[in-house]
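Heads up: the sequence shown at position 150 corresponds to 250 in the numbering used here, and the numbers run straight through without jumps. Beta carbons: idealized from backbone N, C-alpha and C, even for Gly. Owing to the predicted nature of the structure, the values given are computational and were not obtained by experimental measurement.
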Amino acid sequence: MIPITKQGKLICVGTGMRMAGQVTPLAQSYLETADVVVSAVPNIFTRKWIQGLAKEFICVLGYYEDCDVDGKDRRDTYRRMADTILDQVRAGKTVCAAFYGHPGIFACISHMAIKDARAEGYSAEMLPGISAEDCLVADLGIDPGRTGMQSMETTQFMIYERNIDPTALLILWQPSLAGELSLKRFETTAARIQVLVDKLARHYPLDHTVILYEAATSPLETTRIDKIALRDLPTAHLVSSTTLVIPAAFALKRDEAIIAQLNALPEAPRLETEAA
Ligand SMILES: C[S@@+](CC[C@H](N)C(=O)[O-])C[C@H]1O[C@@H](n2cnc3c(N)ncnc32)[C@H](O)[C@@H]1O
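Here it is as structure tokens:
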């Protein structure tokens, strides 16, 4: 652990999914008391709310336009956002970096900024927030403990060899970017979603019911819970906030060999007490 030697400080917080209502009291106190809040929160109402709380407010969302520049992609945008946070820390300020949901779940900017700040001798920490996955568990009534849960980014699932277990819940994040390999565009195509379906079909029947989930981010919105057959995914409407939920397709299968091994173990010997 590199010792803290410098004055600037970074706290990455999550604002939850729902405007103003899912931020922890500790995160809110940093939003209010930090010298500056650097925000990458896309929801305009949440952004305005944070802006109203913050002493000084920097919005880095406009950096996504960098992707239109030749030779630049999302990774450059994320690096520039992290650098903006670090510049404020290096200026000796207490900086609160605000992200929607949980600041460390599918949010590489916070991880980058914390790693770099610590390496340069600044105090840096992350506070947990309520993620899309947390909302999903509540809204869909799915307990990830019942079957176990796999959770990964859609394109990562597509382009790497993954050992998928269809007896467990599978959550695919960012299906609206499925197979978008240029890292410059923010949409997918029906053809790419078909490739996703073909890969999923290695493990799931095409008539398996999957769920398109979008948590409401304000009291004015309704939560989207659309249940469709896997085969119909290419024609479904996907937006940047869609998460694809694939419930288990098959029942858990007992591993009889392990169960027999466990049953064959001797009872744990009793500890003898000193008095005895
Ligand atoms: C870059 S990740 C950010 C995740 C966020 N940090 C969190 O903690 O939930 C973006 C992905 O999160 C999921 N997501 C974002 N907003 C959502 C919402 N309102 N409902 C459901 N999933 C959402 C989608 O899978 C989306 O593509």
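Beta-carbon proximity of residue i to residue j, cut-off 7 Å
i: Leu186; j: Asp216; result: yes
i: Thr323; j: Ala329; result: no
i: Thr309; j: Lys327; result: yes
i: Val136; j: Val195; result: yes
i: Pro266; j: Tyr313; result: no
i: Ala301; j: Arg292; result: no
i: Leu270; j: Ile209; result: no
i: Met252; j: Lys299; result: no
i: Thr177; j: Tyr164; result: yes
i: Ala348; j: Ala268; result: yes
Cα-Cα separation between residue i and residue j, rounded to whole angstroms
i: Cys167; j: Thr288; result: 16 Å
i: Arg179; j: Arg331; result: 37 Å
i: Cys159; j: Ser139; result: 5 Å
i: Gly114; j: Val339; result: 21 Å
i: Ile242; j: Ile311; result: 12 Å
i: Glu321; j: Gly201; result: 17 Å
i: Ala120; j: Gln256; result: 32 Å
i: Ala197; j: Gly116; result: 14 Å
i: Leu365; j: Ala357; result: 13 Å
i: Lys148; j: Ala134; result: 17 Å
i: Ala376; j: Gln122; result: The predicted model places Ala376 with a pLDDT of 44, which falls under 50 and marks its position as unreliable; any figure quoted below should be read in that light. Taking the straight line joining both Cα atoms gives about 56 Å.
i: Asn363; j: Lys353; result: 18 Å
i: Phe286; j: Ser276; result: 8 Å
i: Ala232; j: Ile264; result: 21 Å
i: Val295; j: Gln250; result: 20 Å
i: Ile104; j: Pro125; result: 26 Å
i: Ala154; j: Gln128; result: 10 Å
i: Ala191; j: His211; result: 20 Å
i: Gln188; j: His337; result: 40 Å
i: Gly152; j: Tyr260; result: 43 Å
i: Asp170; j: Ala290; result: 26 Å
i: Asp355; j: Gln361; result: 10 Å
i: Cys235; j: Arg218; result: 31 Å
i: Ile325; j: Ile359; result: 38 Å
i: Glu132; j: Lys106; result: 22 Å
i: Arg262; j: Asp307; result: 22 Å
Segment limits, beta strand (DSSP E) that includes residue i
i: Val310; result: Thr309 to Glu314
i: Lys327; result: Arg324 to Ala329
i: Ala197; result: Thr194 to Phe199
i: Ile111; result: Lys109 to Gly114
Residue of the options minimising C-alpha distance to residue i
i: Ile102; options: Ala224, Phe157 and Ala127; result: Ala224
i: Ser318; options: Ala134, Phe257, Thr177 and Ile144; result: Ile144
i: Thr184; options: Lys172, Thr115, Ile214 and Leu281; result: Ile214
i: Lys172; options: Arg354, Gln274 and Leu283; result: Leu283
i: Gly229; options: Val169, Ala207, Ala219 and Glu220; result: Ala207
i: Arg175; options: Met252, Val237, Leu126 and Leu281; result: Leu281
i: Thr247; options: Ala182, Phe350 and Pro125; result: Phe350
i: Ala182; options: His337, Ala368 and Leu161; result: Leu161
i: Gly108; options: Trp273, Glu132, Gly221 and Asp355; result: Gly221
i: Arg118; options: Leu153, Phe199 and Gln188; result: Phe199
i: Lys193; options: Phe157, Ile205 and Val169; result: Phe157
i: Val205; options: Asp170, Trp273 and Glu261; result: Residue 205 is actually Ile in this sequence, not Val. The option with the nearest alpha carbon to Ile205 is Trp273.
i: Thr335; options: Glu367, Gln361, Ile359 and Val297; result: Val297
Enclosing alpha helix (DSSP H) for residue i [first to last residue]
i: Thr255; result: Thr254 to Ile259
i: Ile150; result: Ile144 to Leu153
i: Gly245; result: Pro244 to Thr247
i: Leu186; result: Arg174 to Arg190
i: Ile359; result: Glu356 to Ala364
i: Leu212; result: Reading off the sequence, residue 212 comes out as Met, not Leu. Element bounds for Met212: Cys208 to Ala219.
Assumed close pair residue i, residue j - CB separation to whole angstroms, cut-off 8 Å
i: Ile150; j: Tyr130; result: Contact flag wrong, Cβ pair sits at about 11 Å.
i: Thr254; j: Leu333; result: Wrong, their Cβ atoms sit about 11 Å apart, outside the cutoff.
i: Pro244; j: Met226; result: About 22 Å; that fails the 8 Å criterion.
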